[in-house]
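Before any comments, here is the structure.
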Amino acid sequence: MSYADREMSSSRITAIIIVALLHALLGYALITGLAYNVVKKVAQDLKTFDVTEEPPPPEEPPPPPPEKVVEPPPVVSPPPIVRTNAPPPPIVQSVPIAPPPVITPTAPVAPPPPPAPPKPKQAAVGAKPRGNPASWATNADYPSSALRAEAQGVTGFRVQVGADGRVTNCEVTSSSGNSALDEATCRLITRRARFTPAKDENGTAIADSYSNRIRWEIPN
Numbered sequence: 270m271s272y273a274d275r276e277m278s279s280s281r282i283t284a285i286i287i288v289a290l291l292h293a294l295l296g297y298a299l300i301t302g303l304a305y306n307v308v309k310k311v312a313q314d315l316k317t318f319d320v321t322e323e324p325p326p327p328e329e330p331p332p333p334p335p336e337k338v339v340e341p342p343p344v345v346s347p348p349p350i351v352r353t354n355a356p357p358p359p360i361v362q363s364v365p366i367a368p369p370p371v372i373t374p375t376a377p378v379a380p381p382p383p384p385a386p387p388k389p390k391q392a393a394v395g396a397k398p399r400g401n402p403a404s405w406a407t408n409a410d411y412p413s414s415a416l417r418a419e420a421q422g423v424t425g426f427r428v429q430v431g432a433d434g435r436v437t438n439c440e441v442t443s444s445s446g447n448s449a450l451d452e453a454t455c456r457l458i459t460r461r462a463r464f465t466p467a468k469d470e471n472g473t474a475i476a477d478s479y480s481n482r483i484r485w486e487i488p489n
């Protein structure tokens with residue numbers, strides 16, 4: 270290539286670069302200005318509004334506690350069955366059965382006789398003297414002191430008679446006026462008097478009392 274051709278190629282390349290730069294600058298200016306106007310227009314037309322913050326979602330309840338797992342009881346195997354030899358059955362011996370006894374019929378027992386009717390009650394009877402009461406004290410029994418004093422009179426007495434008919438006690442109920450005669454009266458009657466004992470309504474002997482008098486007179 271000639272020198273002139275190399276110089277023209279360099280000039281052309283330089284011119285192309287300059288033209289490209291101009292186009293780039295012009296495009297940048299156009300793009301920048303146009304973008305500004307577009308953004309401004311969009312910003313004017315843009316409507317603003319307040320954004321209300323949504324409330325937070327409600328808290329979820331805590332999960333239920335895990336169920337307790339009940340472990341099944343361990344399986345225990347039953348003890349082994351021990352077989353034992355059964356005892357031999359007992360020997361049953363036949364026993365002869367005795368014949369039933371012969372029952373001889375007996376005559377019916379007669380009913381007991383009815384009880385005897387109770388005895389009719391009798392009137393109670395008082396004690397009665399056996400023999401003559403005048404024989405209990407006689408002139409032969411006169412006290413010597415009473416004879417010397419020429420004392421005489423009637424002594425009243427009352428005796429207690431037991432269920433056996435004997436005198437158990439004696440007391441003077443009226444005095445003769447002489448103590449010797451009164452003392453002799455009870456002493457002699459207690460020793461000599463005998464009685465048929467008193468009886469109640471059933472006829473049973475009971476204790477009773479008896480009263481009488483002894484007359485003392487000086488013998489002629």
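So for the sequence shown, my numbering puts the first residue at 270; every next one is plus one. Every residue, glycine too, gets a C-beta built ideally from N, C-alpha and C. Predicted model only: the values in this text are computed from it and were never measured.
Residue burial classification, residue 291 (beta-carbon count within 10 angstroms, cutoff 16): Around the Cβ of residue 291, a 10 Å sphere holds fewer than 16 other Cβ atoms; the residue is exposed.
Helix, strand or coil, according to DSSP, for residue 415 in the structure here? Under the three-state reduction of DSSP output, residue 415 falls in the helix class.
What are the boundary residues of the beta strand (DSSP E) that residue 407 is part of? For residue 407, no beta strand (DSSP E) run applies, since DSSP gives it neither H nor E.
Among the candidates 480, 279, 471, whose CA atom is the shortest distance from the CA of residue 388? It is 471.
Assign residue 379 to one of two classes, buried (16 or more other C-beta atoms within 10 Å of its C-beta) or exposed (fewer than that). The residue in question, residue 379, is exposed, as its Cβ has fewer than 16 Cβ neighbours within 10 Å.
What is the rounded straight-line gap between the Cα of residue 406 and the Cα of residue 475? Their backbone Cα atoms lie some 26 Å apart in a straight line.
Here's a check: name, in chain order, each residue in its chain whose Cβ is nearer than 8 Å to the Cβ of residue 271, leaving out the five neighbours to either side. Model confidence at residue 271 stands at a pLDDT of 49, short of 50, so the residue's coordinates are unreliable; what they give is reported in the following sentence. The same chain holds no residue with a CB closer than 8 Å to that of residue 271 once the five nearest residues on each side in sequence are set aside.
Among 408, 419, 482, 418, the one whose alpha carbon lies nearest that of residue 440: Restricting attention to 408, 419, 482, 418, the CA atom closest to the CA of residue 440 is found in 482.
Of the choices 465, 432, 411, whose alpha-carbon is the least far from that of residue 422? Among 465, 432, 411, the Cα nearest to that of residue 422 belongs to 411.
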